[in-house]
Amino acid sequence: MEAEQIVDLDDDVPSPNINESNANPTKKAKTYDPTSGVWEFFDRLGTGSDGKPRAACKACKKKYIAGGSRYGTSSITRHMNKCQQLKSRYQSDVSNLLIDHAGKMRSRKISQKVLREKIAQAIIRHDLPFSFVEYDGIKDVLKYCNPDVRTFSRNTASSDVLKLYTAKKKILRKMLADVRSRICLTSDVWTACTSEGYICLTAHFIDAEWKLNNFILSFSAFPPPHSGTELARKVFDLLREWGIDRKIFSITLDNAKSNDNMQDILREQLCLQDSLLCEGQFFHIRCSAHVLNLIVQKGIKVAGDALHKIRESVKYVKGSEGRMKAFEECAKQVDIQTGIHLRLDVTTRWNSTYMMLESALRYRRAFTSLSLCDRNYKHCPSVDDWSRGQKMFEFLRPFFDITKLMSGSSYPTSNVYFTQVWKIQCLLLKNVNNDDVVIKEMVKEMMGKFDDYWKEYSVVLAMGAVLDPRIKFQLLEMCYDRVDPNEDDDETLKGSNSSMVGSSDSGGEDEDEN
1 MEAEQIVDLD DDVPSPNINE SNANPTKKAK TYDPTSGVWE FFDRLGTGSD GKPRAACKAC
61 KKKYIAGGSR YGTSSITRHM NKCQQLKSRY QSDVSNLLID HAGKMRSRKI SQKVLREKIA
121 QAIIRHDLPF SFVEYDGIKD VLKYCNPDVR TFSRNTASSD VLKLYTAKKK ILRKMLADVR
181 SRICLTSDVW TACTSEGYIC LTAHFIDAEW KLNNFILSFS AFPPPHSGTE LARKVFDLLR
241 EWGIDRKIFS ITLDNAKSND NMQDILREQL CLQDSLLCEG QFFHIRCSAH VLNLIVQKGI
301 KVAGDALHKI RESVKYVKGS EGRMKAFEEC AKQVDIQTGI HLRLDVTTRW NSTYMMLESA
361 LRYRRAFTSL SLCDRNYKHC PSVDDWSRGQ KMFEFLRPFF DITKLMSGSS YPTSNVYFTQ
421 VWKIQCLLLK NVNNDDVVIK EMVKEMMGKF DDYWKEYSVV LAMGAVLDPR IKFQLLEMCY
481 DRVDPNEDDD ETLKGSNSSM VGSSDSGGED EDEN
């Protein structure tokens, strides 16, 4: 009878010539897990004549030195991953074993509660329908991952999402209750293409670790009327619901008559409970990006025939797949290589007009080539039109960059307001007498709109620049002097700054006394 073959795959067995007392005392001993899931597929044979523990595979009967605190399960784990007989006999059981971060085999246990929470999070994050959980394909995937998974209905998914929302809301309420600083709000109301009204209210604050936080407090349907009174009632109710009605510093809104009325009413309500600094003097802030949009839109309206031809050209090319292919061939013929595709603007958003000019100017030779082979193309811009379009594009570029900077949500923007508005004013003043008559007319219209909203700089946002160590008060004085040396705006700013600091200090003393 042949000698029994014993496989020893443990490389950590010491040589008999080495004195164990001289071994590195800091070397970590191999851990032994007597409950490892791998033992479901191996029989323990006890200790052999050499004093080493043995284990045999239940499928192929191959024997290994394994077990105990010294030899562990690494050798039989490697065998389990290779043994085809074992996999074919215990396929479902083997597939339900995982290797954890420590390299140990463990049984895969599916928590139905955790699974439902994860699916609820996925539904929220990816805007999935509740019926997603009833898709046959999703059920097949879950069953493949683990046969023990219990699928559930859309009603259960809806309930799980609501529970998750309630839990997250509770956490956010606690976070807002712990905020020691003031909270700033932004709000917007709009009507969807389905004629349904919606309102969004967002809170912005600095936490104890000096990190900027932004949380949507409400995104909900808002049926008409969208009057200032109804808006104020809705916002005030939300502030009470979240328990922050005594922590508000400001609210930023788009420019609309209903918003102006709303902030007046809301400010009076908050002042009645003495919860605003300086009696609400700095409460209302106009959205800078929206104001800038109104200013540039005013100028674009008088942009003239060149912009009209460029817009109609882009619209014509993008009007059908056939014309788009013909245009692409024209671009290849004139050797235009760019990763930018043609963009058609939305007339209510000037930045889309800027991006349309950016894309169209790169394809100007392709448009000319298309006009030579397509008789139906009637709006090809002339050389002068393209030249004027280039000037408009360069003129609008600083406005585009400033809009992007002011529209950021992951970083503070109050400290950049003053310098950016000052740059806009300087840019307009510089081009008042521009040689191009169209640019000159655009500046004239834009300057009038600028004076409507920004002739008087927002004092509270100017103070945000003062608090920026890179700017300080000296820069503001210089900016005011360059724009209008005869005005005493810097003195007004100093007075308002002292007023706010004094109000904040007195408010802090009251809180300490309480």
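Residue 380 in full-length UniProt numbering is what sits at position 380 of the sequence shown, and the numbering runs on without skipping anything. The beta carbon of each residue, even a glycine, is placed where N, CA and C say it ideally should be. Owing to the predicted nature of the structure, the values given are computational and were not obtained by experimental measurement.
Distance CB(ALA331)-CB(TYR363) smaller than 8 Å: yes
Best match in SER320, PHE219, GLY319, ALA59 for proximity to LYS82 [C-alpha to C-alpha]: Of the listed residues, the one whose Cα sits closest to LYS82 is ALA59.
Cβ-based burial, CYS193 [other Cβ within 10 Å; buried from 16]: CYS193 sits exposed, since fewer than 16 C-beta atoms from the chains shown fall within 10 Å of its C-beta.
Runs of alpha helix (DSSP H) wholly within the region 316-404 (minimum 4 residues, chain order): 321-333, 350-362, 364-373
Residue from THR419, ASN434, ARG365, MET406 whose Cα sits closest to the Cα of PHE395: ASN434
CB of ILE123 within 8 Å of CB of ALA177, strictly: no
Beta bridge counterpart(s) of THR47 as assigned by DSSP: PRO53
Inter-stretch contact at 8 Å, needing at least 3 Cβ pairs: the region 411-425 / the region 447-466: yes
Beta-carbon proximity of LEU370 to PHE327, cut-off 8 Å: yes
Rounded straight-line distance, which links the Cα of SER181 to that of CYS380: 58 Å
ILE65 (DSSP reduced to helix, strand or coil): strand
Meets three-Cβ-pair contact criterion under 8 Å: the region 291-302 and the region 344-351: yes
Residue 593 vs ILE340 beta-carbon contact at 8 Å: A question about residue 593 goes unanswered here, because the residues of the chain that appear run from 1 up to 514.
Cross-strand partners of VAL189 (DSSP beta bridge): ILE199
Contact belief for ILE248 with HIS284 at Cβ below 8 Å, rounded distance in angstroms: The Cβ separation is near 12 Å, so there is no contact.
Through-space distance from VAL179 to CYS287, alpha-carbon basis: 24 Å
Span of the alpha helix (DSSP H), counted from its first residue to its last, around ASN155: 154-177
Residue range of the unbroken beta strand (DSSP E) whose run includes LEU212: 212-221
Inter-residue Cα distance where the pair is LEU342 and VAL443: 27 Å
Span separating the alpha-carbon of LYS391 from that of CYS184: Roughly 39 Å separates the two Cα atoms.
Segment contact, 8 Å Cβ cut-off, at least three pairs: the region 145-165 with the region 115-131: Output reads yes: the region 115-131 touches the region 145-165.
Length at least 4, wholly inside the region 412-474: the alpha helix (DSSP H) runs in chain order: Correct list: 414-430, 437-454, 459-466.
Anticipated Cβ contact below 8 Å, PHE41 with ALA56, distance rounded: Not quite, the Cβ-Cβ distance comes to about 10 Å (not below 8 Å), so this is no contact.
Reference PHE399; option with closest CA among LEU292, GLN333, TRP386: Of the listed residues, the one whose Cα sits closest to PHE399 is LEU292.
CA-to-CA distance, LEU217 to GLU509, given in whole angstroms: Low per-residue confidence applies at GLU509: pLDDT is 43, beneath 50, and the placement is therefore not dependable, though the value from the model is reported in the following sentence. Spanning the two alpha carbons is a distance of roughly 30 Å.
For THR194, three-class secondary structure by DSSP: Coil.
Outcome for TYR135 when other beta-carbon atoms lying within 10 angstroms are tallied against a minimum of 16: TYR135 sits exposed, since fewer than 16 C-beta atoms from the chains shown fall within 10 Å of its C-beta.
Reduced DSSP secondary structure (H/G/I, E/B, other) of ILE251: strand
Limits of the unbroken alpha helix (DSSP H) element including THR286: According to the sequence shown, residue 286 is Arg rather than Thr. Looking at the DSSP string, ARG286 is not in any alpha helix (DSSP H); the run it does join, the beta strand (DSSP E), is 284-286.
Cut-off 8 Å between Cβ atoms - residues of its own chain near GLY46, not counting five sequence neighbours on either side: PRO53, ARG54
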